[in-house]
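Enquirer: Residue numbers (this note's numbering): 7 to 246. Beta carbons: idealized from backbone N, C-alpha and C, even for Gly.
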Ligand code: ADE
C-alpha cells in the first residue's frame, strides 16, 4: 500500500481525475490511497484567505505559510514516521522514469501544489524534502504535475497494472520506445496489419518487435538511442 496526500487549493480537480480508470481502480482495491487536502480549509483568516501580496512588491500573489503548514501538520500528527514531502516546481529535479522508479519505493508521499506566483519560501525550508519538476516549461499550478507524478509512480506499484507484461515492454522501461501495436480489423482505410503479426510465429514476432522498437528509438528519439546499450542480438538487428 502506498499513500499520497496532495496539499492543494483545488482538491476537486485531483479527485475528479484520479478517481477514474486504472488509478481509480487501484484506490478501490486499496493498493494506493490518494487524499486531496484543501489548504484553504486550514486558513485562520476570517475569509479563509490563503494568499497575500509579496513583500518587496512586484506582481502576483504568494501562497501564505500558515494554511500550508497547518494542512501539513494535520497529516503528520497521526504518523510515527516522516513522509517524504515533495514540492512540485519548475526549479526541481526533472521527473524521469528513473526518478519515478525511485519514488515508487516510498511508502508515503506528501505533494505540495503551488499556485499563483509562488509560495512563501519559508514553507519550503520548513517542510519540503525535495522539489520535483515535470519538465522545462511553466504551468499555472502544481496540480497537473502532482497528478503526473502520482500516475507514473502508482503504475509501478505491484497490483496496479494487471500483468507484469503490461509494464515490462514499454516506452522508457528499457531505454527504448515501444514497438507499434495493432488490433482488429486486419485492414483499416487500406492500411494492413503487418503480416508477421498474423503469422503465429512467436519467435519471429518477438524479433520483429524488438527491431521496430530499436528503429523507432533511432528515428524519433536519437537522444535516447545514443544511451541505448544493444546486446549481441540487438547488434544483429541493427545490421539488418
Ligand atoms: N509548477 C509550475 N510548473 C511546473 C513544472 N514544470 N513542474 C512542476 N511543477 C510546476
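Verify the CB distance criterion: does residue 7 have a CB-CB separation below 9 Å to chain D?
Expert: In the structure shown, chain D does not exist; there is a single protein chain.
Enquirer: Look up residue 11 in the DSSP assignment and say whether it is helix, strand or coil.
Expert: Note: residue 11 maps to strand in three-state DSSP.
Enquirer: How close, in whole Å, do the beta carbons of residue 155 and residue 101 come, if the pair is a contact with beta carbons under 8 Å?
Expert: 6 Å between Cβ atoms; contact.
Enquirer: Taking the alpha carbon of residue 118 as the reference point, which residue from 49, 93, 186, 40 has its own alpha carbon closest?
Expert: The option with the nearest alpha carbon to residue 118 is 93.
Enquirer: Going by CA-CA distance only, name the one from 107, 240, 113 that's closest to residue 87.
Expert: For the residues 107, 240, 113, the minimum Cα distance to residue 87 belongs to 113.
Enquirer: What I want to know is whether the C-beta of residue 98 ends up closer than 8 Å to one or more non-hydrogen atoms of the ligand ADE.
Expert: Answer for residue 98: yes, Cβ within range of the ligand ADE.
Enquirer: Thinking C-alpha only, which one of 159, 70, 212, 97 is nearest residue 54?
Expert: Of the candidates 159, 70, 212, 97, the one whose C-alpha sits nearest the C-alpha of residue 54 is 70.
Enquirer: Mind checking whether residue 123 and residue 60 have CB atoms under 9 Å apart?
Expert: For residue 123 and residue 60, yes; Cβs fall inside 9 Å.
Enquirer: Please name the residue, chosen from 182, 76, 147, that lies closest to residue 217 on a Cα-to-Cα basis.
Expert: Per the Cα distances, 182.
Enquirer: Could you tell me if the beta carbon of residue 140 falls within a distance shorter than 8 Å of some heavy atom in the ligand ADE?
Expert: Correct: residue 140 has its Cβ closer than 8 Å to the ligand ADE.
Enquirer: If you check the beta carbons only, do residue 10 and residue 40 fall under 9 Å apart?
Expert: A contact, by the Cβ cut-off of 9 Å.
Enquirer: Nearest to residue 38 by alpha carbon, out of 50, 240, 108, 162?
Expert: For the residues 50, 240, 108, 162, the minimum Cα distance to residue 38 belongs to 162.
Enquirer: For a test of the three-state rule: what should DSSP assign to residue 123, helix, strand or coil?
Expert: DSSP places residue 123 in coil when its eight states are reduced to three.
Enquirer: Name the one or two DSSP bridge partners that residue 142 has.
Expert: Per DSSP, none; premise fails for residue 142.
Enquirer: If distances are taken between C-alpha atoms only, which option among 49, 233, 14 comes closest to residue 148?
Expert: Out of 49, 233, 14, 14 has the C-alpha closest to the C-alpha of residue 148.
Enquirer: Of the residues 23, 184, 132, which one's Cα is nearest the Cα of residue 231?
Expert: Nearest option by C-alpha distance: 184.
Enquirer: Give the single residue among 143, 63, 19 whose Cα lies nearest to the Cα of residue 96.
Expert: Here the closest residue by C-alpha is 143.
Enquirer: Compute every distance between the C-beta of residue 144 and the non-hydrogen atoms of the ligand ADE, then say whether any falls below 8 Å.
Expert: Yes, Cβ of residue 144 sits closer than 8 Å to a heavy atom of the ligand ADE.
Enquirer: Classify residue 192 as buried or exposed, calling it buried when 16 or more other Cβ atoms lie within 10 Å of its own Cβ.
Expert: Exposed is the call here.
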